[in-house]
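Residue numbers (numbering that gives the first Met the number 0), protein chains in the order written: chain A, 0 to 353; chain B, 0 to 353; chain C, 0 to 353; chain D, 0 to 353.
First the structure, in the form of structure tokens, and then the observations on it.
4 protein chains.
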Amino acid sequence: MAGNSFGKLFKLTTFGESHGPAIGGIIEGCPAGLEIDLNAIQSELNRRKPGQSEIVTQRKEPDVVNFLSGLFEGRSTGTPIGFTIENANQKSKDYSHIKDVFRPSHADFTYEKKYGTRDYRGGGRSSARETACRVVAGALAKQLINSITIQAYTSSVGALELKKTYQELDLSEVEDNAVRCPDKDMAEAMISKIKAVRKEGDTIGGTVSCVIKNVPVGLGEPVFDKLHADLAKAMLSINAVKGFEYGSGFEGTKMKGSAHNDIFNSDGTTRSNNSGGIQGGISNGMDIYFKVAFKPVATIMQKQNTIDKDGDQVEMQGKGRHDPCVVPRAVPIVEAMAALVIADHLLLQKISKL
Amino acid sequence: MAGNSFGKLFKLTTFGESHGPAIGGIIEGCPAGLEIDLNAIQSELNRRKPGQSEIVTQRKEPDVVNFLSGLFEGRSTGTPIGFTIENANQKSKDYSHIKDVFRPSHADFTYEKKYGTRDYRGGGRSSARETACRVVAGALAKQLINSITIQAYTSSVGALELKKTYQELDLSEVEDNAVRCPDKDMAEAMISKIKAVRKEGDTIGGTVSCVIKNVPVGLGEPVFDKLHADLAKAMLSINAVKGFEYGSGFEGTKMKGSAHNDIFNSDGTTRSNNSGGIQGGISNGMDIYFKVAFKPVATIMQKQNTIDKDGDQVEMQGKGRHDPCVVPRAVPIVEAMAALVIADHLLLQKISKL
Amino acid sequence: MAGNSFGKLFKLTTFGESHGPAIGGIIEGCPAGLEIDLNAIQSELNRRKPGQSEIVTQRKEPDVVNFLSGLFEGRSTGTPIGFTIENANQKSKDYSHIKDVFRPSHADFTYEKKYGTRDYRGGGRSSARETACRVVAGALAKQLINSITIQAYTSSVGALELKKTYQELDLSEVEDNAVRCPDKDMAEAMISKIKAVRKEGDTIGGTVSCVIKNVPVGLGEPVFDKLHADLAKAMLSINAVKGFEYGSGFEGTKMKGSAHNDIFNSDGTTRSNNSGGIQGGISNGMDIYFKVAFKPVATIMQKQNTIDKDGDQVEMQGKGRHDPCVVPRAVPIVEAMAALVIADHLLLQKISKL
Amino acid sequence: MAGNSFGKLFKLTTFGESHGPAIGGIIEGCPAGLEIDLNAIQSELNRRKPGQSEIVTQRKEPDVVNFLSGLFEGRSTGTPIGFTIENANQKSKDYSHIKDVFRPSHADFTYEKKYGTRDYRGGGRSSARETACRVVAGALAKQLINSITIQAYTSSVGALELKKTYQELDLSEVEDNAVRCPDKDMAEAMISKIKAVRKEGDTIGGTVSCVIKNVPVGLGEPVFDKLHADLAKAMLSINAVKGFEYGSGFEGTKMKGSAHNDIFNSDGTTRSNNSGGIQGGISNGMDIYFKVAFKPVATIMQKQNTIDKDGDQVEMQGKGRHDPCVVPRAVPIVEAMAALVIADHLLLQKISKL
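Shown next as structure tokens:
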């Protein structure tokens, strides 16, 4: 109930703070008999890992997933899949400077007020470290949904915005550069921008776009659990996300119905796809595409004024190794959450008609 | 499970097609002892009602809510509150022209494929008529959350966009005009625009902004049921919605952390509010504000090519009385869904600490 | 959340007090395309109806179910099925004598303390009248589960206990007498007993047995949602139920493993069936059978001492028309709840393996 | 969804097979700020541990619980509490004899048919080993519910049945003997019985009774989540349980209403307690008491005929170290499940009225 589960039939429940012994989770509802590629799961986790390139945090976190149950002789057994990821970084010595201080635009203040207490070391439960568990479950979901492909990419860093549509890009190039932008020139500009921002001790926001292909017609459970409503919740549940739009999105609000409507071809496909692959909350077989907004990381390497627990003004400065821009590492997280939504709705769809 | 419930503790489950005998719902989890103002609930329903002004659909739907249980001697009893709203408009004669036709950018095609059948009269379950039930429950939720106020307003119609922030507007003027825009000049321009679009037999999109004030610190259940994640899902579950952003939103992605961070005052309030009243998924006591994108209504009074069930190309034209722009009537729906989220999280918060 | 829903995928949510305008419910998760026999549903409701024989309450309640949604052209559409049953008996004049009094072994005291208020007329929400909604949903579930048959019968009234096993009885004779006992001699004795008890102004308890045949292997979701665990909860949720046992039940605790174990035949059936058709929480294809204990009705036509809201001792006597023994009318309710459990688990089972 | 969670607000989700690396779980919904006594949790686990006396299985399983999250500086933080218990016994060598064989009255056959596969080593997920996780969560729940005490005890072994009511016993003596029966003479007889049965290579069933004291008035969520309905489900979800009764139970069905009704004292307590502390599904402040039936353990040390996967008849004999009677070790499990129910309903009750 308390907000640590995602999904109804294909369901992930997670636990763990950044500086406890381990984080982990339980994946329920994976049908029995699925052949599981453990290396593919670890590979996804590596896409999210700190230290993978020079534009992300240089923290050392090996992030190896250990499966504890639910798999036997290479296949899912239908029983819950428990897993843990040990926290390598759990020494507490570096956190005395934030023990009694509320960092601006972090969750320190709100956790303290909500729970009356908090594990202040490295953000505790509010640390983005918990998203590693999402990536594990999402990687498994990707194996379940099989021929449905999910590909996210960096579509903007600060004001540097990729104007090309996803159809104009070669999405197989996403992993070719550190910023995960499938446009070589733009990628270079983005990387330079992130380096410049880091040099200032500052951070910058950005957006991630995502495309889901080969979705069967029929996924989505109106009226509240529309497919895009669940995608929106999935994305907004990721740390630092401030917005979501799918299909024609905010720009579509400026259009007239006569231009916005997607006219059918005889086979049920549509000529345009302003609907973003979803009509009435249910997938229509066209590509699903959406965009997610990430704010700039709150931890900066500059002096800031803030308050402590007593309300006294104090000066603080970020320590440690943080991401100057969260977007490159967010790409696999966006994919993972999308995969969880699609897997869940694939199962839900199995019981919608006789 | 099948997508007709919203909320965990304060929970609405709805039923009903546009052309069956009635729509309705069950509200669970309203604590016992709440004094209920039935007139206030009907008033909210009237804000959503067709025919209320010259820029909305002229259909005649009285939309009177009947409460069947859960209330006794003017107060909630803690038992489920059942209600119905009769469908005045349930004669089927007008719908033969769409019986075998899939209207572009409607849910006809997807419902047919998902369920293998559908009530084709007036959209059936996919009709926005079901949102009337949301308004009933939301109006009751508003009475529960009491001093927390929720005010939505039209912030754009097509390209006509209100540039003022909500702080620069007098939100008490929202109901002063038919388009529900609290800026008189802009409201007039919007109304003219909607009339012009209607004259063309066309429709237009727009955005609704919403402000929630007096929210206590501590609402939101990380890591998946963050307050803004539930707001996003609530909004995306409304018919025709294509996007959601809160706080600094998509614009905030262009900012640097040093500019985006909200610096604390000594009392725990913040100087700026790019966070939109939520940090780490938990309300921080500042105003919550967000914006919702609505696409143009798909039913237009122009000829369009489309297909029938056999995949044959046919020509069709909208009949009946439809909204040229959904935004004015969406304002109370946005408020209702926001109220459901806040009420649910208020109850959830009661058990977060000893 | 607040306890008014039953089931996960095939789900019933109910509302209604005995003396409000109506009771009703929403059935979610019925797959689209099911041909619905409305008469069969009303027939089940008639089996539960007051006034059907001389040994049950003589209250007049027509109990006609009205379906409001989810059905179209004789079939389920996959959307929620809303229904109401009007309360004919809703005049409040007869209830002043219990307004401020807590009847012994009723829910008056506990509702008052839990909610701080209650609809005292006829028991309000605690009235067994709500079980009518269960019978409606159960009757629909019976149509979904199709070839699986569920037959309950009265197996004891007071100390009059049917010693024959269900295999020794002809269950097609259950409806042949007013007490619903498929043994003619025992039925007559039970009827005489109930009449005698009523004459004393007293009431008597009894048990209902139930047999489910043709269950496919594989229903049940360990480790918590074992099939028999859900059956137990279903039964204990019925008013006046005090106990549940399945298979060898309490008597089986006296046996040794060597005698209790069910030895397999080559086809996977078992020679004995002490397991009651369920092993490890999952149906094994053998008959499921269980027994449910009902306490004597608390409303008696004799003077009793009790207390009022102020804790003062008062004398009271039951008024109105009540059942001297709840068991005959409980038979269709037991079947209905069993049908809900089986329908739900049939759907759950569809996603247990690839 | 798939049956691995118990509870709504105070919620346990478990994972793990008997012969994987570890079993474990996640406890959600424990309010922040609860002081946690880790030793008390381990002590409860020790009460369930194999090898603790000469009448239980002599397997060596240290069963040490490791907490991974949700606790900080001795208190709950409001975040999910993850834990694992390593499987010491995970070598697979002993299980070749059951790999392709379906043991009588075990879950081998049903798991194989349901999931199409199974981890055959030691019962896999169907092993009672998973109840260790329940004991961990229940021990934590006991600390939350604080002054409410839960005490279970062995009330019968085979035909040896304790006739005294719980009021006639000194429940502080439960732990004084290996069989956990608070009557010295009966305990000795039971122990002798179990030893004799074991000598035969056989097993025997029994019952566990449980008493919950100091329960506040108001726990329970009608109409489906009645307090006793949730207790029934909790108990029936434990391995080997075949029946549940509370208050007057099955015997109460033989009584007349005039004798069964519990007459109020002026303070709201009742003279008798046939209601078993629950009226209308809601606790009334009197002691809650119930009884649980356990079948004889299916694994016996005698030759039995059974079938293999191909349906061929084979002869088999239990190996390894198994319990001749499950009841003594079931006592802490019954308490744990009762504690989970009470903790959950305590939290649910906090939001039932303003």
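Don't be surprised by glycine CBs; every beta carbon is placed ideally from N, CA and C.
Measure the C-alpha to C-alpha separation of D:Gln-51 and D:Phe-293 and round it to an integer number of angstroms. The straight-line gap from Cα to Cα measures roughly 20 Å.
Can you tell me whether C:Thr-109 is helix, strand or coil according to DSSP? In this structure, C:Thr-109 counts as helix in the three-state DSSP scheme.
Would C:Gly-205 pass as an interface residue toward chain D - the criterion being a Cβ-Cβ separation below 8 Å? Yes, because at least one Cβ of chain D sits closer than 8 Å to the Cβ of C:Gly-205.
Whose CA, out of D:Ser-351, D:Ala-335 and D:Lys-352, lies closest to the CA of D:Gly-6? Comparing Cα-Cα distances from D:Gly-6 to each of D:Ser-351, D:Ala-335 and D:Lys-352, the minimum goes to D:Ala-335.
Whose C-beta lies closer than 7 Å to the C-beta of C:Thr-305 among residues of the same chain, with five residues either side of it excluded? These residues qualify, in order along the chain: Val-100, Phe-101, Arg-102, Pro-103, Val-313 and Met-315.
Buried or exposed: where does C:Asn-213 fall if 16 or more other Cβ atoms within 10 Å of its Cβ makes it buried? Around the Cβ of C:Asn-213, a 10 Å sphere holds fewer than 16 other Cβ atoms; the residue is exposed.
CA nearest to the CA of A:Leu-8, picked from A:Glu-220, A:Ile-277 and A:Leu-161: Nearest option by C-alpha distance: A:Glu-220.
Using the C-alpha atoms, what's the distance from C:Val-296 back to C:Asp-322? Distance from the CA of C:Asp-322 to the CA of C:Val-296, rounded to the nearest whole angstrom, comes to 7 Å.
Mind pulling the chain A residues with CB within less than 7 Å of C:Pro-30? Close to C:Pro-30, with beta-carbon spacing below 7 Å, are these residues of chain A in chain order: Ile-350, Ser-351, Lys-352 and Leu-353.
Pull out every residue of the region 8–30 of chain D whose Cβ sits closer than 8 Å to any Cβ of chain B, in chain order. Against chain B - using a Cβ distance shorter than 8 Å - the residues of the region 8–30 of chain D are Leu-8, Gly-28 and Pro-30.
Closest Cβ-Cβ distance between A:Glu-187 and chain B: below 8 Å? It does not: the Cβ of A:Glu-187 has no partner Cβ on chain B nearer than 8 Å.
Tell me, please, whether the region 71–84 of chain B touches the region 23–37 of chain B by the rule of three or more beta-carbon pairs shorter than 8 Å. Segments in contact, yes.
If distances are taken between C-alpha atoms only, which option among D:Val-330, D:Val-340 and D:Ser-351 comes closest to D:Leu-44? Looking at the Cα atoms, D:Val-330 is the closest of the given residues.
Is there at least one Cβ from chain F nearer than 8 Å to D:Pro-79's Cβ? Among the chains of the structure shown, chain F does not appear; the protein chains present are A, B, C and D.
What would DSSP say about A:Cys-209, mapped onto helix, strand or coil? Here A:Cys-209 sits in strand by DSSP.
Consider the Cβ of D:Leu-218: report whether some Cβ of chain B lies at a distance smaller than 8 Å. Output row for D:Leu-218: interface = no.
Using the Cα positions of C:Gly-24 and D:Ile-341, report the straight-line distance between them to the nearest angstrom. Cα-Cα distance, rounded: 28 Å.
Three-state secondary structure (DSSP) of C:Met-315: Collapsing the DSSP output to three states places C:Met-315 in a strand.
Provide the residue span of the alpha helix (DSSP H) that contains D:Asp-307, from first to last. From DSSP, D:Asp-307 is part of no alpha helix (DSSP H) but of the beta strand (DSSP E) over 302–307.
Starting from A:Glu-244, find everything on chain B with Cβ-Cβ shorter than 7 Å and list it in chain order. A:Glu-244 reaches chain B at Lys-241, Gly-242 and Ala-292, counting residues in chain order whose Cβ is nearer than 7 Å.
Looking at D:Tyr-288: is its Cβ nearer than 8 Å to the Cβ of D:Cys-209? Going by C-beta atoms, D:Tyr-288 is nearer than 8 Å to D:Cys-209.
Opposing strand residues paired with A:Phe-9 [DSSP bridges]: Answer is none; A:Phe-9 lacks a bridge partner.
Report the residue from B:Gly-204, B:Cys-132 and B:His-105 whose alpha carbon sits nearest the alpha carbon of B:Pro-327. Out of B:Gly-204, B:Cys-132 and B:His-105, B:Gly-204 has the C-alpha closest to the C-alpha of B:Pro-327.
Under 8 Å between C-beta atoms of A:Glu-16 and A:Asp-118: Yes; because the gap between Cβ atoms is below 8 Å, this pair is in contact.
Members of the region 109–133 of chain C that neighbour chain D once the beta carbon cut-off is set at 7 Å: Residues Thr-109, Tyr-110, Lys-112, Lys-113, Tyr-114, Gly-115, Arg-124, Ser-125 and Glu-129.
Whose C-alpha, out of B:Val-240, B:Phe-223 and B:Leu-139, is nearest the C-alpha of A:Lys-232? Of B:Val-240, B:Phe-223 and B:Leu-139, the smallest CA-CA separation from A:Lys-232 is found for B:Phe-223.
Taking the alpha helix (DSSP H) that D:Gln-248 falls in, what are its first and last residues? Residue identity check: residue 248 of chain D is Gly in the sequence provided, not Gln. From DSSP, the alpha helix (DSSP H) with D:Gly-248 extends over 248–251.
State yes or no: is the C-beta of B:Ala-228 within less than 8 Å of the C-beta of B:Gly-280? Closer than 8 Å, so yes.
Indicate the three-state DSSP secondary structure (helix, strand or coil) for A:Gly-242 in the structure shown. DSSP places A:Gly-242 in the strand class (E or B) of the three-state scheme.
Please report the residue range of the alpha helix (DSSP H) in which B:Gln-348 lies. Start and end: 326–348.
Quick test of the definition: if touching needs 3 or more C-beta pairs under 8 Å, does the region 239–255 of chain A touch the region 189–199 of chain A? Not touching, per the Cβ criterion.
What is the rounded straight-line gap between the Cα of C:Ser-42 and the Cα of C:Glu-27? Each residue's alpha carbon lies about 22 Å from the other.
Kindly indicate which three-state DSSP category C:Ile-203 falls into: helix, strand or coil? DSSP, reduced to helix, strand and coil, places C:Ile-203 within a strand of the structure shown.
Quick one: which unbroken beta strand (DSSP E) runs of 3-plus residues sit fully inside the region 269–304 of chain D? Chain order, please. Complete beta strand (DSSP E) runs here, min 3: 287–293.
From the beta carbon of A:Leu-161, is the nearest beta carbon of chain C less than 8 Å away? No, its Cβ sits nowhere closer than 8 Å to a Cβ of chain C.
Name the chain D residues whose beta carbon is nearer than 7 Å to that of B:Leu-33? Those within 7 Å of B:Leu-33 in chain D are Leu-353.
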